[in-house]
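Protein chains in written order, with the working numbering: chain R, 58 to 501; chain G, 802 to 1093.
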C-alpha cells in the first residue's frame, strides 16, 4: 500500500488556511452586531483501504438561530413601538402638567375663584379686572395646551414619511438579497454574508414597522405580504392627523395596526389627538357653562347677554373682544345694582357643579380634569412599562442569541493558537516526509 | 455557554442605562421633594392631587374673602356703635332742650350740637369700605345719604355665601337702620334740630321716644352684624383647619419619603459605580492581551 504523505499534509495545510480565514473573519467582525460567527466544516479524507488520508474542507458554516431571530424581531418591534409611542406622550405630559406654572385645571379654578371674589365685591374695579385676567389666562393656557399637543402630534407624524421610505428601501434590498442567496446557494456557496445582511434588514424592518420574515426571506406585516421572493411592494402614507395610515401601492389596502416605530408614531398621533380633543371639550364645556350664566346676568354698565368667551367649533376658546370689566355680569336681577354680586356667586358655584358636559367623564370640573390627566398618565405609564419590559426582553434574547452567533474573542484566539499549532505540526510532518523520501533516495 | 464580547458590552450598556434611568428618576424626586411629578409617576395619586389642589385653592380663597368681609363688617359695626353713642348724646341734649328752664339761647346752642350729631350719623351711614358704600343696599357706588339726610340707596342687601353654605350680609338697607330726612333716627334728629331752633320745647320732648326707638334700631342692626361677624370668624377658623387637613392629605399623596429615597439613591449610585468599574476592567479580560 502506498501513501501520498505530501498530499495528506497539503490537505491539512488547506484545512488550517480555511480555519484561519474563518477565525480572521470572526475576529474582524467581533463588533458587528449583524454578524453570525462562522466555522469550517471538515471531513476525513479516506484512503484506498478506507484509512484516513487527510482532511477535506466541506464548506463554511454560519451559526444560525431561526427561532431566536423571530423572537428578537418581535421584541425589537415591540420595543421600537413603545419607544416611538411613549416619547411623544411623555413630552405631552409636560404640556398638560408643567412642573412649574399654571395648568388648565388651575387656570379654571383661578377663574372660578375670581368670580367668587367678584361676588364679594361686585362693584370693585380690581375684582372685575381679575376676572378678565383669569379668563384671558385660561384662554391663553387652553390655546397653548391645544397648540402644544397639536405640534407634538405633528412631530410624531412628520417622521413617518421618512420611516416609510426606509421600509421601502429595506424591502427592495431584501428582495434583491433573496435572489442573490438563491443563486449563491445553488452554486454550493454558504451565502453566509448575504444571510447576515438579510437578517439585519429584516430586523430593521421589524423595528420600523413590525415586519416578520420566514426562512426564505418572505417578509410580511401582520399577514400582509411586503416582500415575496424577489418582489417588494412599495408602501405609502395616506390621510393625515388621527386618520393617518400606511397603504399598499394601489391604496386599496390599509395596513391594520402596523407595529414598530411607525405603529408607535401612528398610535402616538392618535393618543395625542384624542387628549387634545378631550381637553378642548373640557375647556369648551366650562366656557359654555360660564357664558350661559354670564349672559343671564347684568353688567355694571347695564349690559346683558355679553359672553365671556368666544367659542368657535374646532378652535380653542378665546376671550370675547367686546367684553369689558363693566360688562362682566356680577348682578342677577336687573341693571343698575352695582352691589349685587349674586350672579357672580352662581358662576363661582359652577366649580362644584357636576356634569359640565355629557361627553366627558362624570364629576365636577376638577374631577373631570383629574380624570382626563389621570387616564392619560396611566396610558403613558403603561407605555413606559411595556417599553422597559420589551427592552429587557430584547436584551435578554440578544444575549442568548449571541451565545450561539456572536464572536467570543477568547474562543477565537484559543482556536487561533490551536490552528497555528495544527499548521506547524502539519508543515513539520510534510517536512519529515520530505526528509524521509530524500533519505531513501540517497540510500538507493 | 460561550459569551460573545459584543453581548457583554451590550448587556453592560443596557444595565448602565437601566441604573442611570432609575438614578435620574430618584434624583428628580429628591430635587423636587415630590414622589409624583407627572401624571405617569402615579396616575391615581396625580388625579387626587389635582382635585386636592383645587380644593386648597378654593379654601384659601374663601379664607382671604372671609378676612376681607370681616374687615368690612368690623368697620361697619364700629360705625353703628359710634351712631349709638351719638344717639345717646342726642337723647341727653333733647332732655335738656325739653326742660322748661332751658332758655331760647341755650336751645339754639343745643340745636347746633344736634346738627353735629346729625352730621356724624349721616357720615356713619355713608361709610365706605374699599370704595363701596355699606349702607346703601345694592347701590354701593353712590353715597346713600345726602347732607340733608335724603336716602338714595335701595332697600335690598347683598349677601355672600361661603363654600360651607353659610351666608353673611355684605351691604345693608340704610333706610331700615337710619331712616331718612323724614323718618327713622335721621328724621328724628332733623326734627329735633328744627324744634330746638324754633324753641318749641313740646316738639323737642316729643322726639325723645323716637330717639329711643332709633337707638334700639341701630343696636338691633349692630347685633345682626355681630352675628354675621361670628359667622365669618367661624368660616375663617373652619377653613383654616380645612386648609391644614387638605395640605396634609396632599403631602401624603405626592410628597417623597426623603429617607427612603436617599437610601435608594445611594444604592443606585453604588450600582452605577460597580458597573462602571466592571466596564473599565473589561479591557483586561480578553486573551488577546495575554498572547500579544
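Just so it is clear, CB atoms sit at the ideal spot from N, CA and C, and this is done for glycine as well.
Cβ-Cβ distance between residue i and residue j below 8 Å
i: residue 174 of chain R; j: residue 187 of chain R; result: yes
i: residue 806 of chain G; j: residue 466 of chain R; result: yes
i: residue 866 of chain G; j: residue 405 of chain R; result: no
i: residue 302 of chain R; j: residue 311 of chain R; result: yes
i: residue 487 of chain R; j: residue 63 of chain R; result: yes
i: residue 950 of chain G; j: residue 978 of chain G; result: no
i: residue 458 of chain R; j: residue 129 of chain R; result: yes
Rounded distance between the beta-carbons of residue j and residue i, thought under 8 Å
i: residue 267 of chain R; j: residue 278 of chain R; result: 6 Å
i: residue 283 of chain R; j: residue 228 of chain R; result: 5 Å
i: residue 990 of chain G; j: residue 915 of chain G; result: 6 Å
i: residue 287 of chain R; j: residue 232 of chain R; result: 5 Å
i: residue 858 of chain G; j: residue 837 of chain G; result: At roughly 18 Å, the Cβ-Cβ gap does not stay under 8 Å, so residue 858 of chain G and residue 837 of chain G are not in contact.
i: residue 294 of chain R; j: residue 218 of chain R; result: 6 Å
i: residue 400 of chain R; j: residue 389 of chain R; result: 4 Å
i: residue 152 of chain R; j: residue 202 of chain R; result: 6 Å
i: residue 127 of chain R; j: residue 327 of chain R; result: About 28 Å separates the two Cβ atoms, so there is no contact after all.
Contacts that residue i makes with chain G (C-beta to C-beta distance below 8 Å)
i: residue 180 of chain R; result: 932, 933, 941 and 942
i: residue 441 of chain R; result: 841
i: residue 402 of chain R; result: 961 and 962
i: residue 150 of chain R; result: 839, 840 and 841
i: residue 452 of chain R; result: 811, 812 and 815
Under 7 Å from the C-beta of residue i: neighbouring residues of chain G
i: residue 256 of chain R; result: Going along chain G, no residue has its Cβ under 7 Å from residue 256 of chain R, so there is no contact; the nearest lies around 15 Å.
i: residue 318 of chain R; result: Per Cβ cutoff of 7 Å: no residues; residue 318 of chain R is ~19 Å from chain G at best.
i: residue 339 of chain R; result: The contacting residues do not exist; residue 339 of chain R stays about 12 Å from chain G at best.
i: residue 426 of chain R; result: 851
i: residue 90 of chain R; result: 807
i: residue 87 of chain R; result: 806 and 807
i: residue 444 of chain R; result: Residues of chain G passing the Cβ test: none, with the nearest at roughly 11 Å.
Residue i Cβ short of 7 Å to the ligand ATP heavy atom set
i: residue 1021 of chain G; result: The model on display carries no ligand, and the ligand ATP is accordingly not part of it.
Spatial distance of residue i from residue j (CA atoms)
i: residue 935 of chain G; j: residue 1007 of chain G; result: 31 Å
i: residue 332 of chain R; j: residue 341 of chain R; result: 14 Å
i: residue 817 of chain G; j: residue 426 of chain R; result: 38 Å
i: residue 133 of chain R; j: residue 441 of chain R; result: 15 Å
i: residue 216 of chain R; j: residue 329 of chain R; result: 15 Å
i: residue 879 of chain G; j: residue 367 of chain R; result: 46 Å
i: residue 1036 of chain G; j: residue 963 of chain G; result: 8 Å
i: residue 471 of chain R; j: residue 111 of chain R; result: 23 Å
i: residue 1083 of chain G; j: residue 292 of chain R; result: 45 Å
i: residue 136 of chain R; j: residue 323 of chain R; result: 15 Å
i: residue 139 of chain R; j: residue 145 of chain R; result: 10 Å
i: residue 432 of chain R; j: residue 844 of chain G; result: 7 Å
i: residue 444 of chain R; j: residue 840 of chain G; result: 17 Å
i: residue 339 of chain R; j: residue 417 of chain R; result: 7 Å
i: residue 159 of chain R; j: residue 198 of chain R; result: 8 Å
i: residue 477 of chain R; j: residue 98 of chain R; result: 18 Å
For residue i, the three-state DSSP class (helix, strand or coil)
i: residue 844 of chain G; result: helix
i: residue 407 of chain R; result: helix
i: residue 879 of chain G; result: helix
i: residue 87 of chain R; result: coil
i: residue 313 of chain R; result: coil
i: residue 364 of chain R; result: coil
i: residue 937 of chain G; result: strand
i: residue 150 of chain R; result: helix
i: residue 92 of chain R; result: coil
i: residue 99 of chain R; result: strand
i: residue 169 of chain R; result: helix
i: residue 1042 of chain G; result: helix
Listed by chain order, chain R residues near residue i by CB distance under 9 Å
i: residue 844 of chain G; result: 430, 431, 432, 433, 434, 435, 436, 437 and 438
i: residue 938 of chain G; result: 394 and 396
Proximal residues of chain R, C-beta to C-beta of residue i below 8 Å
i: residue 952 of chain G; result: The premise fails here: residue 952 of chain G is roughly 15 Å from chain R at the closest Cβ pair, so nothing lies under 8 Å.
i: residue 946 of chain G; result: Residues of chain R passing the Cβ test: none, with the nearest at roughly 15 Å.
i: residue 1082 of chain G; result: Near residue 1082 of chain G there are no residues of chain R at all, since even the closest Cβ is about 15 Å away, more than 8 Å.
i: residue 859 of chain G; result: 166, 169, 170, 173 and 408
i: residue 1029 of chain G; result: Ordered by position in chain R, no residue passes the 8 Å Cβ test against residue 1029 of chain G, which lies about 13 Å from the chain.
i: residue 972 of chain G; result: 396
i: residue 900 of chain G; result: Under the 8 Å cutoff, chain R gives no residues; its nearest Cβ is about 44 Å from residue 900 of chain G.
i: residue 866 of chain G; result: 173, 174 and 177
i: residue 862 of chain G; result: 170, 173 and 174
Chain G residues whose Cβ lies nearer than 9 Å to that of residue i
i: residue 464 of chain R; result: 805, 806 and 807
i: residue 154 of chain R; result: 838, 839, 840, 847 and 851
Below-8 Å beta-carbon distance, residue i vs any chain A residue
i: residue 855 of chain G; result: Judged by its chain identifiers, the structure shown contains no chain A, and its protein chains are R and G.
Contacts of residue i in chain R (Cβ-Cβ under 7 Å)
i: residue 869 of chain G; result: 177
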